[in-house]
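Before any comments, here is the structure.
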Amino acid sequence: MNTIKSDHKKEAIDGLQAIEEINTNVAASYNGPVWFNILLIITLSSLFFANSMENINEFWNDMSGYILLFLFGLCFIRYLVLKKRGIKLRVFPNTSRGKWIFWAVILFTVIAMQGGQSLVDAGYTNASYAVALLSAIVFGTLQYKYPSADFVDAKTK
Amino acid sequence: MGLSGFNELIHAPNRLQICALLVVTAEMEFKAVKLQLNVSDSVLSKHMKALVGAGYIAQIKRTRNGRPCTWFSITEEGRQQFEAHVKALREIVGVGP
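Protein chains in written order, with the UniProt record's numbering: chain A, 1 to 157; chain B, 1 to 97.
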């Protein structure tokens with residue numbers, strides 16, 4: 001009985017490892033959430049550069065168009081190159097958990113940017129760096145914990 | 001194994017990896033899946049046929065530069081079965097849902 005149980009356990013571990021191999025070696029490398037990267041770059045760059053301009057709105061008015069165009073251009077090229085190789089990326093998550101995390105991250109991005117603006121307005125310019133750092137930690141942790149776009153987390157430990 | 005969600009059809013290592021690949025992408029071409037799994041055409045065809053037959057994977061025929069090519073995507077049923085199977089595996093291993 002114990003042998004049967006241990007056989008099942010070994011089979012299950014093998015199965016999870018097979019999925020994890022895909023998630024870490026394959027999926028994460030070409031399907032790191034595109035939107036994660038976009039939001040991370042937008043949040044961090046706006047918070048950091050806003051200090052030198054003393055106003056986040058000024059930053060957005062002056063540079064946002066070019067930066068967004070550049071970022072979306074990069075993502076689009078990446079999408080096309082992979083499609084040519086036979087891999088069509090899913091840009092947005094389509095599981096319920098993925099969608100919840102997606103909207104939570106959007107909300108966090110807005111709050112972080114508003115918080116950063118408030119701190120700059122109040123004269124705490126250095127504190128907006130702390131907000132940017134916090135954003136980086138949150139985004140980085142989520143991306144590390146959920147490497148694939150749909151957050152299929154099959155880690156065995 | 002008696003665990004709800006455990007799926008014998010998906011559990012075969014190659015099929016498990018095919019589902020894991022398709023669950024994180026919108027679509028994948030036959031050649032790309034073959035490259036990732038490092039298996040022969042015939043082996044992959046056999047597994048795909050089983051998964052398509054069960055309704056877990058959808059097959060889309062297209063042409064590229066006049067040549068026919070086959071793309072695959074996971075169906076909603078396939079996604080649910082895969083997620084339930086992963087959950088069952090985690091329960092067996094004892095790492096929780």
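No residue lacks a Cβ here, since even glycine has one placed at the ideal position from N, Cα and C.
Open item on the list: Let's see if you can read the secondary structure: which residues bound the alpha helix (DSSP H) around S42(B)?
Closed with: 41–53
TODO: Compare the C-beta of residue 99(B) against all C-beta atoms of chain A and say whether one is closer than 7 Å.
DONE: Nothing can be reported for residue 99(B): it is not among the residues displayed for chain B, which extend from 1 to 97.
Task: Among G66(B), Q36(B), C19(B), G94(B), the one whose alpha carbon lies nearest that of A58(B) - done: Closest option to A58(B), judged by alpha-carbon separation, among G66(B), Q36(B), C19(B), G94(B): C19(B).
Task: Identified DSSP bridge partners for S73(B) - done: A58(B)
Open item on the list: For the alpha helix (DSSP H) containing A32(B), name the first residue and the last one.
Closed with: 30–37
Task: Under 7 Å (Cβ pairs) to chain B, residues found in the region 73–89 of chain A - done: The residues in question are R85, G86, I87, K88, L89.
Task: Contact list for I92(B) against chain A, beta-carbon separation under 7 Å - done: H8, K9, A12
- [ ] Select from the region 8–35 of chain B all residues with a C-beta closer than 7 Å to any C-beta belonging to chain A, and list them in chain order.
- [x] H11, P13, L16, Q17, A20, L21, V23, V24, T25, A26, E27, M28, E29, K31, A32
Task: Contacts that L89(B) makes with chain A (C-beta to C-beta distance below 7 Å) - done: A12, G15, L16
Task: Nearest-angstrom Cα separation, counted from F76(A) out to V120(A) - done: 33 Å
TODO: Report the three-state DSSP secondary structure of R78(A) (helix, strand or coil).
DONE: When DSSP states are grouped into helix, strand and coil, R78(A) belongs to the helix group.
TODO: Please state whether DSSP places N31(A) in a helix, a strand or coil.
DONE: For N31(A), the predicted model reports a pLDDT of 48, less than 50, meaning its position is unreliable and no value from the coordinates is stated.
Open item on the list: If distances are taken between C-alpha atoms only, which option among I19(A), G73(A), R85(A) comes closest to L35(B)?
Closed with: R85(A)
Open item on the list: When you compare the CB of I22(A) with every CB in chain B, is at least one pair closer than 7 Å?
Closed with: yes
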